Amino acid sequence: MSDIKALNEAVIKGDIQTAVSLTQNAVDAGKKAQEILDQGLIAAMDKVGEKFASGEMFVPQMLRSAKAMQECMKLIKPQFQEGDLTSKGKVVIGTVKGDLHDIGKNLVAMMMEGAGFTITDLGVDVSADTFVQKAQEIEPDILAMSALLSTTMPGMRETIETLQKAGIKDKVMVMIGGAPVTANFASEIKADAYAPDAGSAVIEAKKVLGIT
Ligand code: B1M
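Numbering (my numbering), first residue to last: 471 to 682.
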């Protein structure tokens with residue numbers, strides 16, 4: 471079995487120790503971080519999602535897989551640094567209220583940081599009021615929201631409405647994403663940008679700020 475396949479299986483099993491050592495082996499062997507991420511880690515979480523949906527896996531096992539993925543992400547993070555130390559802009563990011571999923575949000579934050587953005591991560595379960603308060607305080611170029619549950623997506627609309635009420639919607643670019651989020655939903659709630667994955671989030675961020 472290839473190392474990446476074994477890594478994929480270790481993450482699905484929630485075997486943190488094996489997943490971490492296989493990631494370290496892959497990094498040491500010169501495997502590209504993108505390949506480790508896409509084939510080893512993200513593909514494993516997709517499988518975990520399928521197993522959860524079909525009743526083969528439950529929340530505690532999902533949590534162990536998530537922990538394994540987070541630990542492995544720490545090892546590949548350095549490979550995503552672009553090496554340009556001048557900040558491309560300030561980003562305030564968080565997962566919306568009622569939603570505790572943070573792996574995708576962390577990945578977006580990691581890629582953006584690697585691409586030169588300065589990140590303030592508000593964590594998970596962030597209310598519209600907190601997003602707006604932080605936007606007023608930090609004055610970011612981009613306010614980035616993640617949602618993984620269809621039931622928490624309305625928190626994105628609420629945040630945009632709260633930005634409008636506070637009179638600062640025009641001062642910050644709002645970017646949204648997460649598995650159930652679509653480009654249509656983004657335009658419906660008047661978000662400025664939508665990205666389907668972390669790589670595109672960097673591209674979209676640069677696009678809305680006019681950075682090449
Ligand atoms: Co839950 N969960 N979960 N979960 N979980 C999903 C999302 C689900 C699809 C599983 C399923 O049923 N197949 C389902 C949601 C159904 C829906 O509403 N559509 C679900 C459910 C139902 C739940 C609970 C309600 C389960 C329960 O308790 N009965 C519960 C809710 C808790 C809560 O949030 N209030 C719950 C809990 C959990 C855990 C805590 C156990 C754990 C999260 C741990 C953590 O994040 N620290 C967990 C996990 C791990 C998952 C799955 C298996 C994996 C999510 C993940 O990390 N994917 C997930 C199934 C799945 O997605 N296949 C599932 C990997 C990650 C890299 O991808 O997050 O999609 P993703 O991020 C991508 C893109 O979406 C995008 O870029 C990322 C990288 O390319 N992206 C952005 C994300 N944010 C972005 C922001 C951007 C741009 C792009 O701009 C700002």
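Where is the CB? At the ideal position from N, CA and C, for every residue including glycine.
On a predicted model such as this, the values are computed, not experimentally measured, just so you know.
query                                                                                              : result
CB of D611 within 8 Å of CB of V594, strictly                                                      : no
Rounded Cβ spacing between V562 and A614 (contact assumed at less than 8 Å)                        : 7 Å
Beta strand (DSSP E) segment containing K560, residue limits                                       : G559 to T565
Distance between K635 and Q603 (C-alpha atoms, nearest Å)                                          : 12 Å
Segment contact flag, the stretch 486-497 with the stretch 535-551, C-beta cutoff 8 Å, min 3 pairs : yes
Straight-line gap, A503 to K567 (C-alpha atoms, nearest Å)                                         : 31 Å
DSSP three-state assignment for S670, whether helix, strand or coil                                : helix
K575 CB to nearest heavy atom of ligand 1 below 7 Å                                                : yes
Assigned exposure category for K701 - 16 Cβ within 10 Å defines buried                             : Nothing about residue 701 can be reported from this structure: the residues present for the chain run from 471 to 682 only.
Among M539, M623 and P530, the one whose alpha carbon lies nearest that of A513                    : M539
Cβ pair S535, G484 closer than 8 Å                                                                 : yes
Short Cβ contact (8 Å threshold) for M643 with D662                                                : yes
Distance between G510 and E674 (C-alpha atoms, nearest Å)                                          : 25 Å
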